[in-house]
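Participant: Below is a structure I'd like to ask you about.
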Amino acid sequence: MRAFITASGQCLPGSPVGNAAMADHIGRLSERCEREGRLALRQNGIRSRHYAMDANGRTDWTVARLAAGAVADILDRAEIDRSRIGYLATATTQNDIMVPGLASLVHGESGLPPLEVSSHQSVCASSMMALKGAALQISAGEHRAALAVGAEFASRYFRPGHYAETDTLSADGTLPRDAAFLRWTLSDGAAGVLVEDRPAGRGLSLAIDWISLRSFADRFAPCMTGGAMAGADGTLTPWSHADTIGDAARRGAFQLRQDMDALHRMLPVWLGELMRLVDEGRVAVDEVDWFLCHFSAKSLREEMVRLATRAGCMIPEERWFTNLYEKGNVGAASPFLLIDDLLRSGRLRAGQRILCAVPESGQCIMAYALMTVVEGPQ
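Following full-length UniProt numbering, the numbering of the sequence shown begins with 1 at its first residue and continues without gaps.
This is the structure in structure tokens:
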């Protein structure tokens with residue numbers, strides 16, 4: 001039995017925040033921090049993004065509420081009633097609370113009936129874990145309709161109060177590179193898809209041909225981290241091993257960090273996965289009509305293009321579809337945002353092939369998915 005994406009939706013909080021207003025919105029640390037932020041913005045190319053906190057640090061949002069907003073948007077565009085949903089898979093980098101799982105919280109917020117749930121926690125690739133889980137449930141005949149939703153609330157970690165009186169913030173008000181880049185790159189929101197055992201009766205659906213996801217944690221140490229304290233030799237200790245919560249906070253355990261040098265070392269591995277799929281006959285580069293590649297920064301895209309061109313597996317850039325520059329890097333929500341925006345764009349035609357690529361820097365994961373555009377019987 002095949003699985004089809006029949007509807008999609010998103011929830012982006014507030015109005016878009018442009019680069020000029022960004023420092024005021026997430027909070028100012030120092031002039032030097034802002035200079036480094038402007039450099040990060042030139043590297044990532046993002047021009048606007050959404051935040052679930054206002055400029056005073058206040059919010060009514062949670063990750064679960066953002067995800068529930070995306071669910072509502074999906075169901076507004078779906079042909080079926082919420083009572084027919086049998087499975088909910090959620091994806092995020094960090095849940096609102098430690099227990100229970102995000103899927104339970106989203107279920108409670110969304111008004112869905114009793115159903116099967118699955119919570120996926122990683123970074124960007126958790127979206128593909130959720131999507132694959134939903135697709136397999138449909139293909140196995142366990143359920144006829146399933147939801148896969150990704151949601152993020154990264155900005156809650158970027159307010160000045162999360163750095164004050166910690167070892168991360170230097171005396172002159174600057175942050176190390178691994179903390180500063182994410183502060184100017186990540187944003188908030190949610191998106192997701194409805195997966196069914198048949199195409200939608202009207203309009204276009206996406207037949208899921210296959211999803212491939214592989215971890216390379218056997219080759220790489222953690223690259224993007226949260227909840228850990230780094231020792232002088234780079235070893236990571238869980239926050240819960242600190243003598244006190246205050247000690248863990250002082251040592252920066254509750255901040256998001258990313259090793260930029262390690263990130264660039266992962267690029268050849270991510271590309272190698274595409275080359276493997278080409279060699280196995282699962283991807284024919286010339287037959288890809290749309291390439292939905294999630295990337296966190298314009299500079300990384302440029303490096304990916306360079307490597308793919310040299311390797312002979314480059315998909316022409318006119319076939320790339322991205323919304324990074326207008327909507328920012330929304331982590332686990334970003335792949336679903338790409339799918340939703342492409343479906344809404346009016347640029348799809350039946351028979352076209354879509355290749356999704358989702359690299360994750362958490363501890364090196366690479367996911368690809370191939371889909372075919374199909375038209376319902378009207």
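Each residue gets a CB set at the ideal place from its N, CA and C atoms; glycine is no exception.
Predicted, not measured: the structure shown is a model, and the values here were computed from it.
Short of 7 Å in beta carbon distance, which residues of its chain neighbour W320, apart from the five on each side in sequence? Order them along the chain.
Facilitator: Cβ within range, chain order: F291 and C293.
Participant: Helix, strand or coil for Q43 per DSSP?
Facilitator: Three-state DSSP puts Q43 in a helix.
Participant: At what residue ranges does the stretch 111-137 contain a whole run of the beta strand (DSSP E), taking only runs of 3 or more?
Facilitator: Fully enclosed beta strand (DSSP E) runs of 3 or longer: 116-121.
Participant: Where do the N-terminal and C-terminal ends of the alpha helix (DSSP H) with F181 fall, by residue?
Facilitator: Start and end: R177 to R183.
Participant: Whole-angstrom Cβ separation of G192 and I74, contact assumed at under 8 Å?
Facilitator: 6 Å between Cβ atoms; contact.
Participant: Starting from I211, trace the beta strand (DSSP E) both ways and give me its first and last residue.
Facilitator: L204 to S215 is the extent of the beta strand (DSSP E) around I211.
Participant: Can the beta-carbon of E116 be found closer than 8 Å to that of G86?
Facilitator: Yes, Cβ-Cβ distance for E116 and G86 is below 8 Å.
Participant: Return the chain-ordered list of same chain residues with a C-beta closer than 6 Å to the C-beta of A357, the five sequence neighbours on each side being excluded.
Facilitator: Closer than 6 Å at Cβ, skipping near neighbours: C293 and Y368.
Participant: Any idea what DSSP makes of E196, helix, strand or coil?
Facilitator: Strand, per DSSP.
Participant: What is the rounded straight-line gap between the Cα of Q137 and the Cα of P199?
Facilitator: Roughly 16 Å separates the two Cα atoms.
Participant: So, do the stretch 266-273 and the stretch 7-16 have three or more beta carbon pairs nearer to each other than 8 Å?
Facilitator: Short answer: they don't touch.
Participant: Is it true that the CB of G346 sits closer than 8 Å to the CB of S122?
Facilitator: Contact: no.
Participant: I'd like to check one pair, S118 with A103: are the Cβ atoms closer than 8 Å?
Facilitator: For A103 and S118, yes; Cβs fall inside 8 Å.
Participant: Just curious, the alpha helix (DSSP H) that L236 is in, first and last residue?
Facilitator: From DSSP, L236 is part of no alpha helix (DSSP H) but of the beta strand (DSSP E) over L236 to P238.
Participant: Are R144 and R84 closer than 8 Å when you measure CB to CB?
Facilitator: In contact: R144 and R84 (Cβ atoms closer than 8 Å).
Participant: Provide the residue span of the alpha helix (DSSP H) that contains I74, from first to last.
Facilitator: Unbroken alpha helix (DSSP H) run through I74: V63 to R77.
Participant: Tell me the residue span of the alpha helix (DSSP H) that contains R344.
Facilitator: S334 to R344 is the extent of the alpha helix (DSSP H) around R344.
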